[in-house]
Amino acid sequence: MRLLVVEDEARMADALARGLQAEGFVVDVEPDGPGGLEAARFGGYDAVVLDVMLPGMSGYTVVRTLREEQNWVPVLMLTAKDGEYDEADGLDYGADDYLTKPFSFVVLLARLRAMLRREPAPRPAALRVGPLTLDPASRRVEREGAEVPLSRREFLVLEHLMRAHPAVVSKESLLDAIWGAPDEADANIVEVYVGYLRRKLGRERIETVRGVGYRLAS
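Taking the numbering used here, the leading residue of the sequence shown gets 4, the next gets one more, and so forth.
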């Protein structure tokens, strides 16, 4: 399999390339964002290992541009940042996985192999269902081209429903994903936020599937 490593720190890039080659991969290295973007566009790689902080263009911009161009090559992002919002940003821009430096090469290899076992799946920079468009990177939601202001948790509930569409999402799943506490006693908070969204987007946009959960209408 062919891998592209986009990393500007020469020692890190060399260590990654040698380690991956020892595992049987064919590896190319690009030292900056623009070069990495061009290589990922046209190189026919099976996966990309992409640093965030790059000369010329950030890794976030590289992966977002690829996704906007309908290029679904699997991307594993590397960064020295370790905040949960940095990780969320990488995934929202369209990355498939994320590792924080310093990391274990054994862990990187395992994550990379797991990523390669999955079929490349579309991870669009913007989600679209019916008249709704949601851009995770800019935290912007539009209905028929008009922006709809949402609170952070309203946005997260809608994003969860849009990513699952057309499947039904249970209250427990929403509670676990957004509040991190799947406590049955708190399930009413999900109903509250679904109510907020219905008032802003239209009641018809979110369907209640009795005894199961919620589904976003097409």
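Glycine residues also receive a C-beta, built at the ideal position from the N, C-alpha and C atoms.
Once DSSP output is grouped into helix, strand and coil, what is the label at residue i?
i, result
"M56", "coil"
"D186", "Note that D186 scores a pLDDT of 48, beneath 50, so its modelled location is shaky and nothing firm can be said."
"L102", "strand"
"Y217", "strand"
"L153", "coil"
"A170", "coil"
"G86", "Any reading at G86 is ruled out, since the residue's pLDDT is 49, under 50, leaving its predicted position unreliable."
"V132", "strand"
Just to confirm the assignment, what range does the beta strand (DSSP E) spanning residue i have?
i, result
"E12", "From DSSP, E12 is part of no beta strand (DSSP E); its letter is neither H nor E."
"I209", "209-212"
"E71", "Run containing E71: none in the beta strand (DSSP E); it sits in the alpha helix (DSSP H), 62-71."
"V110", "It is not in any beta strand (DSSP E) - V110 instead sits in the alpha helix (DSSP H) that spans 108-120."
Within this structure, are the beta carbons of residue i and residue j separated by less than 8 Å?
i, j, result
"L40", "M60", "yes"
"L153", "K203", "yes"
"V132", "L219", "yes"
"L161", "V172", "no"
"I224", "V197", "In the structure as shown, the chain begins at 4 and stops at 221. Residue 224 is therefore absent and cannot be evaluated."
"D31", "G46", "yes"
Give me whichever residues DSSP pairs with residue i in a beta bridge.
i, result
"R5", "V29"
Pick out whichever of the options has its Cα sitting closest to the Cα of residue i.
i, options, result
"Q73", "Y48, V51, R44", "R44"
"E33", "L19, V109, G46, V9", "V9"
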